[in-house]
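And the structure:
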């Protein structure tokens, strides 16, 4: 019987789908991700089921959709998801004889929730208290290695009003969280151990603040960057939550020049991660069992980067909900191929368990079987965000080239044909009402099937509420106990 493969999951945070040079992104430099494209399968229609950090992570750790995890935003109930969904992926593989190690950003609630890793070290993006900050594994490494930096309040870059302001990392590249994370992962990969490993490497970047270190901050010329894709104003403004989000993160007045500057530094951050991935691939290749290693690279969601006049995520436009996803397993998956079928992050639980010997798909589709040609492609894909039954709720159905978006706030609907209109600039609702009805019915059926999402359904269809603009507020993203700006100049 063949030996169980090593499994390495590499995750970035807030990386758009269109950021890999080998897949047609002309404005980035990703030679190591390009290597993964050449040696495996690129899933070119991969999506997150909920386009924000915490829900996406729980879906991939459980193999369950947000309708079961109950996480449909970053502010969902803080109970242990595994009690409803079953053991997390790391715990499941540990039970199967794997040595499990997880490093980087986890963004769970509670903050240090056990996930089943034998080795579990953190580098989070925010620290509500001084104790959280001082307990962060990366922060402890940084303070021990460079005591002169102990004054830093934000080691990844400044937030709040600086969240979408182009900036440079307050530490040098060799002291960055990316280098700490990559070094720790390489140490785990070099550890002699008879058991196969499941490694989870989770980068904080390119999540804002967009602050790559020198020299990555000047790697790309802002004047050479593509301008944001703008649709019909009625389409771009249909989801008023995006207007709220722009204001919340101080991004409502970003100029075209600043948008290009931000894109240049965003691509610089990805180039830095790509260099780190090169080190990871070299560490994998240095092992005697390198050939029997499944590597999966993906992100939790994307970033609008000004597309549709929006910043951040939490929408079902492609820029926010579609993600890069690469799978490599020499000898088991074809090299240098593209898979255009639908894939969800929920499918990664089944990918890993299937590779380990016993498929456990839960809510996911058989991705490994699909890529091998032994299972049919996923027929459709659903996305959810916000508390069901409230104005915040929205959902998506993707089937073939069609994408349907429902917004409970005002009962607004968008219908795009992505084959003809990949930029989502033309609402086809009036041209294809039968398609919209079919996809609305599919969404209703899925939401009605689980108690947590049933409030999103009323009288046999999706529940609409009278439109109300979301009140514009700011998110003040300080850290270490700081909750607001000061009271102004002395003597004011």
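Numbering (our numbering), first residue to last: 41 to 532.
Think of the CB as a built atom: it goes at the ideal place given N, C-alpha and C, for glycine as much as any other residue.
Item to check | the stretch 471–481 / the stretch 438–451 touching (three or more Cβ pairs under 8 Å) | outcome: yes
Item to check | Closest residue to residue 435 among 91, 359 and 273 (Cα-Cα distance) | outcome: 91
Next on the checklist: Taking only three categories from DSSP, how would you classify residue 251?
Outcome noted: coil
Checklist entry - With DSSP run on the structure shown, which of helix, strand or coil describes residue 53? => result strand
Item to check | Beta-carbon gap between residue 69 and residue 396 smaller than 9 Å | outcome: no
Checklist entry - From this set, 50, 138 and 369, which residue's C-alpha is nearest residue 237's C-alpha? => result 138
Next on the checklist: Runs of 3 residues minimum, wholly inside the stretch 341–417: which ones carry the beta strand (DSSP E) assignment?
Outcome noted: 365–368 and 377–384
Next on the checklist: Just verifying my parser: in three-state terms, what is the DSSP assignment at residue 22?
Outcome noted: Since the first and last residues shown for the chain are 41 and 532, residue 22 lies out of range.
Next on the checklist: On the DSSP bridge list, what partners appear for residue 246?
Outcome noted: 53
Checklist entry - Which runs of the alpha helix (DSSP H) fall wholly inside the stretch 267–343 and span at least 4 residues, in chain order? => result 273–276, 280–288 and 296–325
Item to check | Close-in-space but distant-in-sequence residues of the same chain around residue 301 (CB under 6 Å, 5 per side omitted) | outcome: 206 and 262
Checklist entry - Beta-carbon separation of residue 310 and residue 204 under 9 Å? => result no
Next on the checklist: Is residue 468 a contact residue of the ligand COA, with contact defined as CB to any heavy atom under 8 Å?
Outcome noted: For the structure depicted, the ligand COA is absent and the ligand set is empty, with no information on it obtainable.
Checklist entry - How should residue 335 be labelled, buried or exposed, when 16 other C-beta atoms within 10 angstroms of its C-beta is the threshold for buried? => result buried
Item to check | Straight-line Cα distance separating residue 127 from residue 185 | outcome: 37 Å
Next on the checklist: Between which residues of its own chain and residue 523 is the CB-CB distance below 8 Å, once the five residues before and five after are set aside?
Outcome noted: 516
Next on the checklist: In whole angstroms, give me the CA-to-CA distance for residue 492 and residue 216.
Outcome noted: 40 Å
Next on the checklist: Out of 213, 239 and 306, which one is the CA nearest neighbour of residue 342?
Outcome noted: 306
Item to check | Whole-angstrom C-beta distance between residue 364 and residue 55, which should lie under 8 Å | outcome: 6 Å
Checklist entry - Less than 9 Å separating the beta-carbons of residue 407 and residue 367? => result yes
Item to check | Enclosing beta strand (DSSP E) for residue 78 [first to last residue] | outcome: Premise fails: residue 78 lies in the alpha helix (DSSP H), 71–79, not in any beta strand (DSSP E).
Checklist entry - Nearest to residue 95 by alpha carbon, out of 112, 108 and 103? => result 112
Next on the checklist: Between which residues of its own chain and residue 412 is the CB-CB distance below 8 Å, once the five residues before and five after are set aside?
Outcome noted: 372 and 373
Checklist entry - What number of angstroms, rounded off, separates the C-alpha of residue 590 from the C-alpha of residue 332? => result Shown here, the chain extends from 41 to 532; a query on residue 590 therefore has no answer.
Item to check | Beta-carbon proximity of residue 313 to residue 52, cut-off 9 Å | outcome: yes
Checklist entry - Among 389, 166 and 513, which has the Cα closest to the Cα of residue 521? => result 166
Item to check | Best match in 188, 519 and 422 for proximity to residue 169 [C-alpha to C-alpha] | outcome: 519
Checklist entry - What three-state label does DSSP hand residue 157 in the structure shown? => result coil
Checklist entry - Considering only residues of the same chain and omitting the five flanking positions on each side of residue 532, which have a CB-CB separation below 6 Å? => result Any reading at residue 532 must be qualified, since the residue scores a pLDDT of 47, below 50, and its modelled position is unreliable; no value is offered.
Checklist entry - Hey, residue 89 and residue 384 are a contact pair by Cβ (cut 8 Å); roughly how many whole angstroms apart? => result 5 Å
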